[in-house]
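**Student:** The structure is given below, and queries will be raised subsequently.
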Amino acid sequence: MRVLGIDPGSQVTGWGVVEGDVNGRNYRLVEFGVVRLNSSATFPSRLLKISRALDEVITRLKPDACAIEEAFLATNPKVTLKLGQVRGVALLAAESAALEIGEYSPRSIKQTVAGYGNAEKQQVQEMVRLLLSLTTVPEPHDAADALAVAICHFHHAGLNNRLTAAASSMKSTPAAVAAARRRG
26 MRVLGIDPGS QVTGWGVVEG DVNGRNYRLV EFGVVRLNSS ATFPSRLLKI
76 SRALDEVITR LKPDACAIEE AFLATNPKVT LKLGQVRGVA LLAAESAALE
126 IGEYSPRSIK QTVAGYGNAE KQQVQEMVRL LLSLTTVPEP HDAADALAVA
176 ICHFHHAGLN NRLTAAASSM KSTPAAVAAA RRRG
């Protein structure tokens with residue numbers, strides 16, 4: 026499975042693709058990068074640049090899923106609205122490509138990757154480096170954050186797969202089969 030992680034930003038949007046097994050135990054880096062936006066450009070033109078860049082990444086690297094950081098409430102309402110619009114463009118790109126989509130809070134990403142929901146950026150970046158067996162921390166931090174989102178998705182998707190498998194095996198036990206026959 027390949028997961029595209031996205032760290033949305035109105036100035037810099039990070040992205041990273043990680044490949045691994047569906048159990049979330051083994052994964053490797055495929056590629057990462059950022060979409061740098063010109064602050065003098067109009068906001069709609071920045072959104073278009075993000076859209077085109079993500080479409081290109083999806084077409085070229087062919088992920089199976091997309092994981093994106095949920096919006097957080099910034100102190101400035103205008104910043105919150107802009108981040109929401111960037112997220113919308115990213116979600117549209119993923120949905121247009123028929124990717125499975127996972128959305129994770131910043132706290133959940135930190136908890137999953139670093140083991141602590143209030144981890145500092147440097148701690149998350151170092152854990153990304155260790156988990157992907159990289160020699161250096163991915164730069165810029167927006168790309169490292171996107172990789173952390175992808176890793177988070179592997180762990181949550183793996184847990185969901187294990188829970189679904191466990192539920193399926195419980196449905197096929199002799200007692201469950203007998204109970205189903207009695208009901209119908």
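If you use the numbering used here, the sequence shown closes out at 209, no skipped numbers anywhere. Don't be surprised by glycine CBs; every beta carbon is placed ideally from N, CA and C.
Please list the segments of the beta strand (DSSP E) lying wholly inside the region 43-120, counting only runs of 3 or more residues, in order along the chain.
**Tutor:** 52-61 and 90-94
**Student:** Once the 5 residues before and after Thr-84 are set aside, which same chain residues still bring their CB inside 6 Å of it?
**Tutor:** Answer for Thr-84: no residue qualifies.
**Student:** Run through DSSP, which three-state label would Ser-35 get?
**Tutor:** Annotated three-state conformation of Ser-35 is coil, per DSSP.
**Student:** Only counting runs of 3 or more residues, tell me where the beta strand (DSSP E) segments fall wholly within the region 125-189, in order along the chain.
**Tutor:** Annotation note: the region 125-189 contains the following uninterrupted beta strand (DSSP E) runs of length 3 or greater, listed N- to C-terminal: 125-129.
**Student:** In this structure, how does DSSP classify Val-28 when only helix, strand and coil are distinguished?
**Tutor:** Correct three-state label for Val-28: strand.
**Student:** Let's test the definition: count the other Cβ atoms within 10 Å of the Cβ of Val-111 and tell me whether it reaches 16, buried, or not, exposed.
**Tutor:** buried
**Student:** Can Tyr-122 and Asp-167 be called in contact, C-beta distance under 9 Å?
**Tutor:** A quick correction: the sequence has Ala, not Tyr, at residue 122. Taking 9 Å as the Cβ cut-off, Ala-122 and Asp-167 do not qualify as a contacting pair.
**Student:** Just the Cα atoms here: how many angstroms apart are Leu-108 and Ala-96?
**Tutor:** Whole-angstrom Cα-Cα distance: 7 Å.
**Student:** Figure out for me which residue from Pro-33, Thr-160 and Ser-130 has the closest Cα to the Cα of Val-104.
**Tutor:** Among Pro-33, Thr-160 and Ser-130, the Cα nearest to that of Val-104 is on Pro-33.
**Student:** Please determine, among His-178, Leu-54, His-180 and Tyr-141, the residue with the shortest C-alpha to C-alpha distance to Thr-161.
**Tutor:** Leu-54
**Student:** If you compare alpha carbons, which of Ala-92, Ser-76, Ala-66 and Val-59 is closest to Ala-175?
**Tutor:** Ala-92
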